[in-house]
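See structure below.
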Amino acid sequence: MRSNQGGFTLLEVLVAGFILFLVINSSTMIYRAALLSSGKAEKSLMITSAVPSIRMIISDIFRENGHSAARAGEGKFGELTYLWTAKLRYEGLPKETLESRPRNLRYYLWEVRLTIKKGNLARRYTFNEVTS
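Under this note's numbering, the very last position in the sequence shown is 122; numbers go up by exactly one each time.
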């Protein structure tokens, strides 16, 4: 008498277990990558949205201190830290067509390099500032 045994062999169970392990592992890797990219995007958005405000702070420093004192600085803006340096690119006089031009009026064009950091992410920006 011959009996038919139903069920899976050991090899089939091992192959199915290995496939299940691969699926769970790849799902975990995809989730981890999505979580990391979401965190990076959040930091990048925070830095990018703070640039106009930080630029205004630097412009105010230039207006308050004049052209000679403001060359570099650093500060905090919320959770962000920023560093900036300014390099004089051009110094000039107004056009001679101005009739009531004061004799000591000069214009200065500065190139400002700004670095904003949050954690291990840093972004660099460059802009120009004009002072008199």
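Heads up, the beta-carbon is just placed ideally off N, CA and C, and yes, glycines get one too.
Please identify the residue among Lys66, Lys77, Ser34 whose C-alpha is closest to the C-alpha of Leu99.
Lys77
What number of angstroms, rounded off, separates the C-alpha of Leu111 from the C-alpha of Ile44?
17 Å
Close Cβ partners of Phe67 (< 6 Å) along its chain, the five nearest in sequence each way excluded
Ala40, Ile44
Helix or strand or just coil, what does DSSP make of Gly7?
helix
With DSSP collapsed to three states, give me the class of Asn118.
strand
DSSP three-state assignment for Gly109, whether helix, strand or coil
coil
Chain-order list of residues whose beta-carbon lies under 6 Å from that of Arg114 (same chain, five-residue window excluded):
Thr105
To the nearest angstrom, how far is it from the Cα of Ser122 to the Cα of Thr38?
29 Å
If you run the structure through DSSP and keep just helix, strand and coil, what is Arg45?
helix
Just tell me which of Lys33, Glu81, Lys107, Phe52 has its CA closest to the CA of Gly65.
Lys107
Which residue or residues does DSSP assign as beta-bridge partners of Glu64?
Leu73
State buried or exposed for Lys33, treating a residue as buried only when at least 16 other CB atoms are found within 10 Å of its CB.
buried
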